[in-house]
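Colleague: Residue numbers (this note's numbering), protein chains in the order written: chain A, 222 to 590; chain B, 66 to 366.
By construction, the Cβ of each residue, glycine as well, lies at the ideal position given by its N, Cα and C atoms.
Pasting in a structure now, in structure tokens, and then I'll have a few things to ask.
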């Protein structure tokens with residue numbers, strides 16, 4: 222991309238006493254992106270967001286937004302608005318006044334304020350609640366007001382701190398799509414902080430997975446999910462089977478790994494070179510594993526076919542999760558879609574069933590750390 | 066016996082819980098108040114007790130009721146009383162304002178102090194209550210007197226060559242009232258600021274409010290209940306304050322508490338003293354009702 226990044230972060234660091242919340246981070250976010258910072262609590266994602274908003278002062282490094290350095294810019298002068306996790310709606314003001322607050326501070330004239338507030342409330346479908354106070358609203362309505370309030374000044378960047386965290390599951394799913402639609406319509410650059418990997422996958426154009434104040438991986442949802450860069454990312458985004466072993470051969474594109482437990486050979490695709498004898502892990506997503514009662518009709522020496530018994534079984538409705546103990550000794554988690562209806566209560570697999578599990582080498586990833 | 070009591074508690078516990086303070090007020094506030102009202106409409110006598118009876122039984126049944134409103138008329142006619150009421154209200158108002166101006170930033174600073182420092186500061190605010198109020202006022206006399214500590218220091222520093230008149234002045238009374246009632250301002254403010262969500266201030270800043278603007282549009286309105294409660298807690302007792310103007314104000318400071326005391330003790334005019342007290346209560350009802358009204362508005366919001 223030839224265009225300069227819209228948000229340019231270089232060497233950003235923030236420490237609290239002995240604790241380094243954000244550790245020498247570089248980040249480029251493009252105009253119009255819906256960028257998600259994903260990580261567990263204490264990973265530094267919120268601190269990073271607060272530095273973008275200007276609530277935290279970096280110990281080192283720089284932030285540029287649309288070409289302007291933000292170091293000397295206080296929060297009230299930044300072209301950035303934030304939607305707070307708690308929404309932080311002013312309890313003593315009506316919905317209307319909350320939304321108008323930002324425009325009033327900028328000295329926009331009354332008629333203009335009224336017009337823009339009306340439009341904004343229309344957009345988030347809260348026009349009927351203009352006179353209500355925040356405590357008279359439901360969680361979902363408050364979320365909309367908070368969103369309207371943070372968008373009214375047409376910020377260059379909208380920061381959202383766990384925007385859907387306080388909503389229940391069903392509302393959250395619905396709101397995710399509304400948020401994406403809104404972002405698409407306005408073209409504003411969104412930076413979202415979340416700990417919820419599903420939310421991140423749904424919303425993001427790109428995800429940055431954070432841990433210990435650093436980025437573990439930055440990429441599209443598909444990149445992060447299908448080719449995780451580290452064990453941490455593989456584990457954090459979705460569930461994964463991690464099988465430890467030692468590299469026995471590395472042909473171009475294909476790596477053979479002898480598992481530590483049971484010493485069976487597994488094969489995985491890899492673009493990287495791996496030295497024979499180095500310790501690696503093979504990562505396979507549970508849904509990429511095929512489970513059958515009979516041995517798949519392949520050559521007997523085909524790798525990645527394992528025999529085992531079903532040890533645990535969880536029926537989740539649209540799919541079932543099975544934990545299979547292989548003859549080699551390690552346990553593999555497999556999800557199997559329930560494509561047919563089993564109204565008699567019988568499942569295709571039961572406890573202690575003998576099964577064969579298999580996965581193509583292309584479905585597995587070799588991870589070092 | 067035990068079971069009916071329990072059943073009674075279960076059915077009527079709300080009424081019982083309300084009844085106890087209600088009875089307390091009836092016995093220890095309302096009854097004495099009616100006695101004071103009764104005395105205030107009596108005539109002053111040189112007798113024991115030194116006032117006439119409300120019901121005169123000397124002519125047998127029915128008793129004659131003797132209500133004498135002259136004491137109130139006297140309060141109205143003698144300009145001293147109205148002047149003193151106004152002076153009391155003025156001193157109480159200015160003291161309340163001073164308490165607010167000092168107490169508000171103090172409460173804010175305490176709330177924002179991290180860790181255990183907060184509780185140490187809060188303890189320091191309440192510490193004066195551990196010694197006698199009278200003793201503390203006497204201590205101020207020692208500090209403010211012509212030969213007192215403050216004048217000694219001023220002379221030693223060479224700032225003045227003879228003692229400055231500090232004691233027995235309005236200044237001394239303000240110092241005394243502000244010093245005494247400051248905790249009553251700080252504590253309700255602290256309580257409300259403690260509950261204030263700091264992210265509201267951040268939201269205001271984020272939306273373009275400079276610190277001063279954020280204070281006036283967010284912090285101040287949200288701490289208003291604490292300001293009102295604190296002002297009331299200072300203003301009401303300060304208006305009727307007797308010890309501070311008596312000990313620190315000398316003869317120069319007119320306050321209604323002092324008048325009341327001298328009517329009662331020096332003049333032995335119980336009816337006028339009672340009328341002064343009843344009138345004071347009526348004067349103080351105004352801010353109380355105002356506060357109550359605002360509070361019920363708050364609830365309805």
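(1) Does any C-beta atom of chain B lie closer than 9 Å to the C-beta of residue 582/A?
(2) Can you give me the start and stop residues for the beta strand (DSSP E) that residue 558/A sits inside?
(3) Measure how close the beta-carbons of residue 157/B and residue 280/B come, nearest whole angstrom, since I'm counting them as under 8 Å.
(4) So which residues on chain A does residue 275/B lean against when the C-beta distance must stay under 7 Å?
(5) So within the segment 299-378 of chain A, which uninterrupted beta strand (DSSP E) runs reach at least 3 residues, ignoring any that extend past its ends?
(6) So what's residue 528/A in DSSP terms, helix, strand or just coil?
(7) Have a look at residue 213/B and residue 169/B and give me their C-alpha separation to the nearest angstrom.
(8) Anyone know if the C-beta pair for residue 472/A and residue 583/A falls short of 9 Å?
(9) If contacts are defined as beta-carbon pairs under 8 Å, then residue 296/A and residue 271/B qualify, I think. What distance do you get, rounded to the angstrom?
(10) Below 8 Å, can you find three or more Cβ-Cβ pairs linking the segment 287-307 of chain B to the segment 338-351 of chain B?
(11) Can you give me the start and stop residues for the beta strand (DSSP E) that residue 562/A sits inside?
(12) Assuming residue 254/B and residue 283/B make a contact with CB atoms under 8 Å, what is their CB distance in whole Å?
(13) In angstroms with no decimal places, state the Cα-to-Cα distance between residue 388/A and residue 341/A.
(14) Can you list, in chain order, the residues of its chain with a C-beta nearer than 8 Å to that of residue 352/A? Leave out the 5 residues immediately preceding and following it.
(15) Quick one: give me the first and last residue of the alpha helix (DSSP H) that residue 391/A is part of.
(16) Does the structure place the segment 457-472 of chain A close enough to the segment 418-435 of chain A that three or more beta carbon pairs sit under 8 Å?
(17) Where does residue 76/B sit, in a helix, a strand or coil, going by DSSP?
(18) So which residues on chain B does residue 307/A lean against when the C-beta distance must stay under 8 Å?
(19) Residues of chain A with a CB under 9 Å from the CB of residue 267/B: which are they?
(20) Chain A beta carbons: is any one of them nearer than 9 Å to that of residue 283/B?
(21) DSSP puts residue 116/B in a beta bridge; with which residues?
(22) Count the CB pairs spanning the segment 499-519 of chain A and the segment 549-559 of chain A that are closer than 8 Å, and state whether there are at least three.
(23) Quick check on residue 291/A: buried or exposed, where buried means 16 or more other Cβ atoms within 10 Å of its Cβ?
(24) So residue 327/A contacts chain B; which residues on that side make the cut at Cβ distance below 7 Å?
(25) Keeping to the same chain, check which residues put their C-beta closer than 6 Å to that of residue 477/A; ignore five residues upstream and five downstream.
(26) Roughly how many angstroms lie between the CA atoms of residue 587/A and residue 479/A, to the nearest whole one?
(27) Hey, is residue 377/A's beta-carbon within less than 9 Å of any beta-carbon in chain B?
(28) Using alpha carbons as the reference points, say which of 341/B, 353/B, 356/B, 355/B lies closest to residue 137/B.
(29) Please classify residue 335/B as buried or exposed, where buried requires at least 16 neighbouring CB atoms within 10 angstroms.
(30) Could you list which residues in chain B have their beta carbon closer than 8 Å to that of residue 360/A, in chain order?
(31) Using a cut-off of 9 Å between C-beta atoms, extract the partners of residue 374/A located in chain B.
(32) Give the DSSP bridge partners of residue 98/B, in chain order.
(33) On a Cα-Cα basis, can you pick out the residue from 204/B, 233/B, 294/B that is closest to residue 357/B?
(34) Return the CA-CA distance between residue 462/A and residue 431/A, expressed in angstroms with no decimal places.
(35) Considering only residues of the same chain and omitting the five flanking positions on each side of residue 563/A, which have a CB-CB separation below 8 Å?
(36) Apart from the five residues on each side of it in sequence, which residues of its chain come closer than 8 Å, Cβ to Cβ, to residue 202/B?
Modeller: This is what the structure gives:
(1) no
(2) 552-558
(3) Contact doesn't hold; Cβ gap of about 27 Å is too wide.
(4) 297
(5) You should have 301-304.
(6) strand
(7) 30 Å
(8) No, the Cβ-Cβ distance between residue 472/A and residue 583/A is not below 9 Å.
(9) Residue 296/A to residue 271/B, Cβ: 6 Å. Contact.
(10) In this structure the segment 287-307 of chain B lies against the segment 338-351 of chain B, because at least three pairs of beta carbons, one per stretch, are closer than 8 Å.
(11) Element bounds for residue 562/A: n/a, residue is neither H nor E.
(12) No, residue 254/B and residue 283/B are not in contact; Cβ-Cβ is about 16 Å, not under 8 Å.
(13) 21 Å
(14) 315, 316, 317
(15) 390-407
(16) yes
(17) helix
(18) 262, 264
(19) Near residue 267/B (Cβ distances below 9 Å), the residues of chain A are 271, 274, 276, 296, 303, 305, 309.
(20) yes
(21) 109/B
(22) yes
(23) buried
(24) 273
(25) These residues qualify, in order along the chain: 469, 470, 486, 488.
(26) Using only the alpha carbons, I get a separation of about 12 Å.
(27) no
(28) 341/B
(29) Around the beta carbon of residue 335/B, 16 or more other beta carbons sit within 10 angstroms, so the residue counts as buried.
(30) Taking a Cβ-Cβ cut-off of 8 Å, residue 360/A has no neighbours in chain B, whose nearest Cβ is about 16 Å from it.
(31) 272, 273
(32) DSSP, once it has assigned bridges, lists no residue as partnering residue 98/B.
(33) Comparing Cα positions, the closest option is 294/B.
(34) Linking residue 462/A to residue 431/A through their CA atoms gives a straight-line distance of about 21 Å.
(35) 569
(36) 241, 245, 308, 309, 312, 313
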